[in-house]
Every structure is written in C-alpha cells, then in structure tokens.
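In the numbering used here, the protein residues as written are 2 to 234. Below is one structure, written out as structure tokens; comments come after it.
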C-alpha cells in the first residue's frame, strides 16, 4: 500500500504541474550557478515533503483513533469506496463542493505568504515556498490523505505522504527546468489515466479491508485478547 503512495505521486504529478507549475516556474532560483540552482530546488522539495509529512502525521493520528475503536477493516473499505467515487464524479461537480471553501481565509493567508516568499531570495526562501506549497488545496493531495488515514498511526500516515511527495519530485523538477516539456495532448492523455489509477488504489484498499487472507494485499485480521477485550490487528 505504501508503494501506491509513490506511484500516485508520480502519475499525479502531471496534475501537480498544471496546478503548482506556475509556482515552480516562478521560483527565484539562481540561473547563473548550476550547483546553487540544484541546491535551491532541493530545499524547495524538502519544504514540500515537510508539509506533507505533517499532514500525514495529523491524519495518521486520526486513523489511529479510528483503529482503536476497531474500525480497521471498515475504514479501509470506506476510504477505498470514497476514492473510487471521487475519481468517477466529474471534476466540475466536485469543484462546487470544494473542501477548501470552509477554510478559505486560512488558504488565502497561505497564498499571501507564498506570494511574499516568491519575491525574496533569502536563505530560507525556498524552504518556506515549498512548505507553503504543500498546504495549498489539491485533489491529489486529498487522495493521498485518505491513504494516510488508513495507515493507522502517525508514522505510517506521515510516511505515506512523504512517499507521495517523493513521487511528485521528478516531474516537478523537470517543470522548473523546462516550462513546456510536454505537449498538451500528451499531458491530457496522462491526466485522463490518473482517475483510472486512483480507482485501482481504491479497489486495493477495499480488498485489503475485506481481509481475504491474501499475503501483502489483503491479510486476514489477527485477533488478540488484551485485558479481557478483543483487539484486531
């Protein structure tokens, strides 16, 4: 399941280039010094990974609280079903119910801080830009968050989001160096394939939740008796 995070980031980065590409293009990198440019881009990605890891940590804790109530398998099935439904529903309909609307003021502050950071060239600029970039609303990040919740603890949730972020690095880095490295037609075809992969991941979560006894994919639940209560692992 952790591998799905990296692949989701890798394929989803075609979507990320469209959403966050303008930020990548505007990075105030030093274009006269190759080593310095690589260092600045690396720090930018570290900032994004840090933001993703914190998001994963928070939602991993949420997943842990649900696991403590014995909802391990049900949670995996529900998350998988949600991913499939969201992948099937047309994007323009989802936009009407954007989860970012209730926290619009907070997101506006993030965007404002991001805009200010893009104008600076101090040592911490690229870390700040990457960190704020990681908190911008994004459909693919929401999908990764679902995976983080099913991790069942803070570490697994954080690791899931970090692997997702690592998957986005190759294409986002390419976007910084070459603004128009893919023709529109090719990019559109790949973007159309993203919902298909999300559906596959959702199906995997459902299969895992069913506990069919398939090694690594859908292991059978193990029950232990602790202090007179039955715990499922």
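Here a beta-carbon is modelled for each residue, glycine too, at the ideal position from N, C-alpha and C.
{"Item": "Beta-carbon proximity of residue 135 to residue 166, cut-off 9 Å", "Value": "yes"}
{"Item": "Local conformation of residue 178 per DSSP, three classes", "Value": "helix"}
{"Item": "Rounded C-alpha distance that separates residue 58 from residue 37", "Value": "31 Å"}
{"Item": "For residue 226, the three-state DSSP class (helix, strand or coil)", "Value": "Caution applies to residue 226, whose pLDDT of 45 falls short of 50 and renders its modelled position unreliable; the model cannot decide the point."}
{"Item": "Contact check, residue 2 vs residue 198, beta carbons under 9 Å", "Value": "no"}
{"Item": "Beta-carbon separation (whole angstroms), residue 200 vs residue 85, contact threshold 8 Å", "Value": "5 Å"}
{"Item": "Residue 168 beta carbon less than 9 Å from that of residue 6", "Value": "yes"}
{"Item": "For residue 132, the first and last residue of its enclosing alpha helix (DSSP H)", "Value": "126 to 134"}
{"Item": "Cβ pair residue 163, residue 42 closer than 9 Å", "Value": "no"}
{"Item": "Contacting residues, own chain, Cβ-Cβ under 7 Å from residue 32 (five flanking each side not counted)", "Value": "38"}
{"Item": "Where the alpha helix (DSSP H) through residue 142 begins and ends", "Value": "140 to 150"}
{"Item": "Residue 12 versus residue 196 - alpha carbon distance", "Value": "10 Å"}
{"Item": "Residue 57 - DSSP class collapsed to helix/strand/coil", "Value": "helix"}
{"Item": "Beta-carbon contacts of residue 128 that lie in its chain and below 6 Å, excluding the five residues immediately before and after", "Value": "44, 48"}
{"Item": "Sequence-distant residues of its chain with Cβ nearer than 8 Å to residue 150 (five each side left out)", "Value": "60, 61, 63, 64, 67, 76, 80, 158"}
{"Item": "C-alpha distance - residue 91 paired with residue 193, whole-angstrom precision", "Value": "12 Å"}
{"Item": "Contact set for residue 170: own chain, Cβ-Cβ below 7 Å, skip 5 residues either direction", "Value": "46"}
{"Item": "Length of the line joining the Cα atoms of residue 40 and residue 118", "Value": "17 Å"}
{"Item": "Whole-angstrom distance between residue 34 and residue 9, CA atom to CA atom", "Value": "33 Å"}
{"Item": "Supposed contact pair residue 83 and residue 147 - C-beta distance, whole angstroms, cut 8 Å", "Value": "6 Å"}
{"Item": "Sequence-distant residues of the same chain with beta carbon closer than 7 Å to residue 114, five excluded per side", "Value": "133"}
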